[in-house]
Every structure is written in C-alpha cells, then in structure tokens.
Amino acid sequence: MRPVDLAREHGLSTQAIRNYEDAGILPAAGRTPHGYRTYTPLHAQALRAFLSLAPGHGHRTATSIMQAVNRGAAEDALRLIDESHGRLLDDRRTLQAVEAALRDLAPVPQERGDTFIGPLARRLGVRPATLRKWESAGLVRPRRDPRTGYRVYGAADVRDVRLAHQLRRGGYLLEQIAPLIAQVRSAGGVAPLESALRDWQARLSARGRAMLKGAADLEAYLRVRGPGTSA
567 MRPVDLAREH
577 GLSTQAIRNY
587 EDAGILPAAG
597 RTPHGYRTYT
607 PLHAQALRAF
617 LSLAPGHGHR
627 TATSIMQAVN
637 RGAAEDALRL
647 IDESHGRLLD
657 DRRTLQAVEA
667 ALRDLAPVPQ
677 ERGDTFIGPL
687 ARRLGVRPAT
697 LRKWESAGLV
707 RPRRDPRTGY
717 RVYGAADVRD
727 VRLAHQLRRG
737 GYLLEQIAPL
747 IAQVRSAGGV
757 APLESALRDW
767 QARLSARGRA
777 MLKGAADLEA
787 YLRVRGPGTS
797 A
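Each number in my numbering corresponds to the 1-based position in the sequence shown with 566 added.
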C-alpha cells in the first residue's frame, strides 16, 4: 500500500501520513528496494485509530496513546485514556455544579441602591475578609467610592458574589470558579449563560461519544497488532 492509498481514505495528504509515521503515530513503514515507503492494513488500522481518538482525547493525548501502543507499552496507553476520561468526568461535574448553582440562585432583588461589603457579607453569612479574598481572586470586581475608598457592590456584583458563594458551598476552588464568573460577565448575566451551558453539555456529550468510537477503533488496532508487539 502506497502513502497515497493510505491518505486517500481520510482525505489527507501523503505528507501528513509521513508526518504521522515520523511522530510515532503509525508503526515504521517498510521500504521498497528504491527506498519508497510501503504500508499494510496494520498501518491503515493505526491511522483509523488515531483519527478516531483525536476528537475525544485531543491531538496531543491521541498522539501519546498511539506512541505508547506502537512501542509496546499498552499499559501506558490505557493510563492516558483513563486520565482523559477523568478529565471529562471533572468537566461534567463542573457543569453540573454550575447548573445547580444557577438553579439555586434566586433572582437578585431590585436593589434600592448600591451596597457595601459589610451588609453584603452579613446577607450571605460570610466574613468581609472572605469577600476581599474573592475580589483578589477575580471573582468579583466592586468599584470604589471616590470619596471614601469603600467597596461599592452593584446588582451585577451581588449576582457574582452569590454565584461564587453557591459554587464555594459546592466545594469548588477559587481558581475553578473565576473562569465561570467571567463567563457570566461576558454573557451579560445568568440568563444568556443558559444557552452556553447547553452548548457546553452538547460538547461534553460529543466528546464522550467520540471516546467510545476511539476506544473501539483502538481495540481493533490492538487486536491486529497482537499481544506484546512493538514497533
């Protein structure tokens, strides 16, 4: 089988096939007496496995998985797959925590004006020092009164603080919460974020299904290679 034959099935260039071989994604090719690469059904299955793994695990992890398999280190490959599944599970748990926090986040009552750190802390049952710590971590950005220098929390700030409070009660770290609060801000509030959460859920589901397909194609490749085979 020529490089072009292997490439054509997947709409790839022959250079991509050579690059995959050089990277250890494919086993080493045989050579003709004139030095041309020749590939076999084993290489075709390796390519299918890699291209199937990449959407679920990402290009870098899929590359590492194939490299491990091709050097005969199947246990290393399985560990990489387990770690990738663990990251997907963490992402699912984060999404669930955000959804739960948003469900528990009652609408912010109409404020009669801005509020300050003391009253807000008492309302949430936390210490003012906690709100200052959240501010340092980027979870909330109250403005300062130009005359007194006191922190002033508007309605959006109160929303961010309450969402952070819900997530902290769920056991999430400040560094995990900060990007979620940033998403709320960029979305212009909680309501527009619901669409982003649906998209997030769809992406996680697509990753999970891609991992299933990747696992099936990798198993097929492992069967073709046989036990204890190294490149």
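Backbone N, C-alpha and C define an ideal beta-carbon position, used for all residues, glycine too.
Given residue i as reference, the closest of the options once Cα atoms are compared
i, options, result
"Glu760", "Ala667, Leu572, Pro685", "Ala667"
"Met777", "Gly624, Ala721, Leu578, Gln767", "Gly624"
"Leu763", "Glu785, Gly792, Glu665, Pro745", "Glu665"
"Val724", "Ile747, Phe616, Thr660", "Ile747"
"Ala515", "Arg688, Thr681, Lys699", "Past the boundaries of the shown model lies residue 515; the chain is included only from 567 to 797, so the question cannot be answered."
"Leu608", "His600, Gly622, Glu587", "Glu587"
"Ala577", "Pro708, Leu617, Arg626", "Note on residue identity: the sequence assigns Gly, not Ala, to residue 577. Comparing Cα-Cα distances from Gly577 to each of Pro708, Leu617, Arg626, the minimum goes to Leu617."
"Gly601", "Ile591, Ala612, Arg568", "Arg568"
"Gly652", "Arg603, Asp571, Arg773, Ala589", "Arg773"
"Asp765", "Leu661, Gln633, Leu646", "Leu661"
"Arg603", "Tyr787, Arg713, Val790, Val570", "Val570"
Residue-level contact to chain B via CB, residue i, 8 Å cutoff
i, result
"Val664", "Of the protein chains in this structure there is only one, and it is not chain B."
Per DSSP, the bridge partner or partners of residue i
i, result
"Gly596", "Thr604"
"Thr681", "Tyr719"
DSSP three-state assignment for residue i, whether helix, strand or coil
i, result
"Val718", "strand"
"Arg709", "strand"
"Ala786", "helix"
"Tyr738", "coil"
"His576", "coil"
"Ile591", "coil"
"Val692", "coil"
"Ala509", "Since the displayed the chain opens at 567 and closes at 797, residue 509 lies outside it and no answer follows."
"Ala730", "helix"
"Met632", "helix"
"Ala516", "Residue coverage of the chain in this structure runs from 567 to 797, which leaves residue 516 outside it and unanswerable."
"Arg568", "coil"
"Gly652", "helix"
Cβ separation of residue i and residue j, assumed to be a contact under 8 Å, to the nearest whole Å
i, j, result
"Ala595", "Tyr605", "6 Å"
"Leu733", "Ala663", "6 Å"
"Thr627", "Ser650", "5 Å"
"Pro708", "Val692", "Actually they are not in contact, since the Cβ atoms of Pro708 and Val692 sit about 15 Å apart, beyond 8 Å."
Quick one: any contact between the stretch 690-710 and the stretch 730-740, if contact means 3 or more CB pairs under 8 Å? yes
How about the stretch 743-751 and the stretch 644-659: do they share at least three Cβ pairs that are nearer than 8 Å? no
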